[in-house]
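Visitor: Below you will find the structure I want to go over with you.
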Amino acid sequence: MNISLSTFSHIIEILGTIAFAISGVFAAMDKKLDVFGVTIIAFVTAIGGGTVRDILIGATPVAWMKDINTLLIILGTAIVTMLFRNRIVNLQKTLLLFDALGLGLFTIIGIKKGLAIDLKPGICITLGTITGCFGGVIRDLLLNHIPALFHADLYATPCIVGGLLYFLMIPYINEEWAQVAAIIVICMVRIIAYRKNWRLPTL
Amino acid sequence: MNISLSTFSHIIEILGTIAFAISGVFAAMDKKLDVFGVTIIAFVTAIGGGTVRDILIGATPVAWMKDINTLLIILGTAIVTMLFRNRIVNLQKTLLLFDALGLGLFTIIGIKKGLAIDLKPGICITLGTITGCFGGVIRDLLLNHIPALFHADLYATPCIVGGLLYFLMIPYINEEWAQVAAIIVICMVRIIAYRKNWRLPTL
Amino acid sequence: MNISLSTFSHIIEILGTIAFAISGVFAAMDKKLDVFGVTIIAFVTAIGGGTVRDILIGATPVAWMKDINTLLIILGTAIVTMLFRNRIVNLQKTLLLFDALGLGLFTIIGIKKGLAIDLKPGICITLGTITGCFGGVIRDLLLNHIPALFHADLYATPCIVGGLLYFLMIPYINEEWAQVAAIIVICMVRIIAYRKNWRLPTL
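Chains as they are written, first to last, in our numbering: chain A, 553 to 755; chain P, 553 to 755; chain B, 553 to 755.
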């Protein structure tokens, strides 16, 4: 059971990384960046959240520096997406699913990294949300937009909801199942919010 | 004496955090962010400077992660400010005072953190100025402005003046009184600069 | 031999820092920043790359905090450049050379810092490129541009080429000569790319 869960989470991590990188590629091509710029935006979108998390908690060298595979996966994704951009743009439904799964997993990874150094639940949920969402914030910042996270997409709310649920569940059920449930909730809330075009109010 | 000084500094820290968060809320509402975006901008304005300081010196997990109260104060401030925005906007004089007091205290906190790891005075003053001012820089960056710190507000100069004074005073007077004097100087220079609309020259 | 090489590298480091700071001053004056803002942009352009590198690997306090000379050199450069801006603008050829030499040296410094903590060659090249290029990225970000690195200048490619060459050479030649060769290659590729106005393709 343990093995298949960790294999599962490894597969989701790769799919999520790919989906995040692809979203970076398209955002960068919209702004007419050159192939290097597009590749960099793919990187920061995919690894930005985890990098900010690791810097805030002092887990250095940050995660992507210890594992050349992450870099290679993103590089491959960037190249393939640039080459087959006209086809990949049609995979929107699949990409939304991968992106939402990645969002869920990255949030939980952030929460667990916070727990491992004894941070309080509220801080852990913040750290998980940063892990899931701040790649997109840095992407938008580098492309000279106000981050979509702050005014358009309902992207952080699913992380916070899932994170709260995780902490409400762990006194009652097995920790691994709490993780799985939280990831599924984050993924579903994200997809429904996207489909229904839910927005938070502005003032 | 010691107790009352440290209680005082704790009260100023809270008032400063509230004033910084409120300035974030209004800047974010101007840009039509949603309630989540407004809350995030309140956070980064209030804790950004200290976070950059802690990252630069490697004091991780950064300060706000170790203390859930900071997060709760900012969250409360953001909610109250959004709800009562029409009244709070009239408190400008009080907020200016809190903001200037916070600027002074945060600068001194940064300087003392630098001294604690044996950095040279010039670096400590830089670190203090970053602590006081970089929350506003990150706020402006996320809202897609050129930071006001670089062309409009006279906001860093008071920190530098106060920091220099602190180091000129400590050979002669009690360290705690040097802190108090530096905070008062920073606060007064900031308020006078604001009232008189002082500007640094451009070329 | 060893002494003269390290003296050489120290001189290049200073010339590179000055050239980076000057590029920051002119970019900031274009945006009508005040004298404080111009000075800050000079700083972040000169030290931004090394600071991001040190933060990513956890080498804190970051390099410029341990050495007051870097700060003083940049401060002096900013003041002199602001005062004599009409003359310094005519030194473009010399500045291009210093800038390109600095780019080469900073890249190699980054690579060596990565090697010192056992990072893989691909990660070291990334770290070297960040060291050489990210000062300019932060400069552009603070000035509210999309970083030139991502769509205009061919600035990272020389670092990557030089970094690859370094790792291809070290099995065969003395490590110090591999460094020198890599710096010269980065410098020359950068200058030729600038002169010929080479661009990477956009999609």
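Ideal Cβ placement from N, Cα and C applies to all residues, glycine included.
1. For a contact defined as C-beta to C-beta under 9 Å, what are the partners of P:T754 on chain B?
2. If you draw a straight line from the alpha carbon of B:I593 to that of P:D586, how long is it in whole angstroms?
3. Is DSSP giving P:T612 helix, strand or coil here?
4. Straight-line CA distance for A:L661 to B:N749?
5. By how many angstroms is the C-alpha of B:T678 removed from the C-alpha of B:V596?
6. Would you mind giving the Cβ-Cβ distance between P:F572 and P:G654, rounded to the nearest angstrom? I have them listed as a contact below 8 Å.
7. So if I threshold CB-CB distances at 7 Å, which residues from the stretch 607-621 of chain P count as touching chain B?
8. How many whole angstroms separate the CB atoms of A:T569 and A:A630, which I take to be in contact at a CB cut-off of 8 Å?
9. State the CB to CB distance for the pair B:I682 and B:G601, rounded to an integer number of angstroms; the pair is presumed to be in contact (CB under 8 Å).
10. Let me check understanding here. Comparing Cα to Cα, which of B:G656, B:I574 and B:T603 lies closest to B:I626?
11. Between A:T633, A:I563 and A:L752, which lies nearest to A:F578 when the distance is taken from Cα to Cα?
12. Taking only three categories from DSSP, how would you classify A:D705?
13. Can you say whether B:F560 is buried or exposed, counting buried as having 16 or more other CB atoms within 10 angstroms of its CB?
14. Taking the alpha carbon of B:I620 as the reference point, which residue from P:L671, P:K645 and P:T622 has its own alpha carbon closest?
15. Compare the C-alpha of P:R605 against each of P:T709, P:F686 and P:R742 and name the closest.
16. Is there at least one Cβ from chain A nearer than 8 Å to P:M553's Cβ?
17. Pull the bridge partners of P:T646 from the DSSP assignment, please.
18. Is any beta-carbon of chain A found at less than 8 Å from that of P:L667?
19. Touching or not, the stretch 737-744 of chain P and the stretch 639-654 of chain P, by the rule of three or more beta carbon pairs under 8 Å?
20. What did DSSP end up calling P:L695 once you bin it into helix, strand or coil?
21. Per DSSP, A:D651 is paired with what?
22. Using a Cβ cut-off of 8 Å (strictly closer), state whether P:R742 contacts chain B.
23. Could you give the distance in angstroms between the alpha-carbon of A:T659 and the alpha-carbon of A:I566?
24. Can you tell me the Cβ-Cβ gap for A:G674 and P:L623, rounded? I've got them flagged as a contact below 8 Å.
25. Could you check where the alpha helix (DSSP H) with B:Y724 kicks off and where it finishes?
26. Give me the subset of the stretch 640-664 of chain A whose CB atoms are less than 8 Å from a CB atom of chain P, sorted by chain position.
27. Under DSSP, the alpha helix (DSSP H) around B:R637 begins and ends at which residues?
28. Around the C-beta of P:I582, are 16 or more other C-beta atoms found within 10 angstroms, so that it is buried, or is it exposed?
29. Rounded to a whole number of angstroms, what is the C-alpha to C-alpha distance between P:W616 and P:Y707?
Guide: Checking against the coordinates, here is how it stands:
1. M581, K584, L585, D586, V587, G589 and V590
2. 31 Å
3. coil
4. Leu is not the amino acid found at residue 661 of chain A; the sequence shown has Ile there. Their backbone Cα atoms lie some 45 Å apart in a straight line.
5. 20 Å
6. 6 Å
7. I607, L608, I609 and G610
8. At roughly 11 Å, the Cβ-Cβ gap does not stay under 8 Å, so A:T569 and A:A630 are not in contact.
9. 6 Å
10. B:I574
11. A:T633
12. coil
13. exposed
14. P:L671
15. P:F686
16. Legend: pLDDT at P:M553 = 46, less than 50; position of this residue unreliable, value from coordinates given subsequently. Output row for P:M553: interface = no.
17. The partner list for P:T646 (beta bridge, DSSP) is empty, contrary to what the question assumes.
18. no
19. yes
20. coil
21. Note: A:D651 sits in no beta bridge, so no partner.
22. no
23. 15 Å
24. 6 Å
25. Careful: B:Y724 lies outside any alpha helix (DSSP H) and carries neither H nor E.
26. none
27. R637 to I640
28. Going by the sequence as given, residue 582 of chain P is Asp instead of Ile. Looking at its Cβ environment, which holds fewer than 16 other Cβ atoms inside 10 Å, P:D582 is exposed.
29. 23 Å
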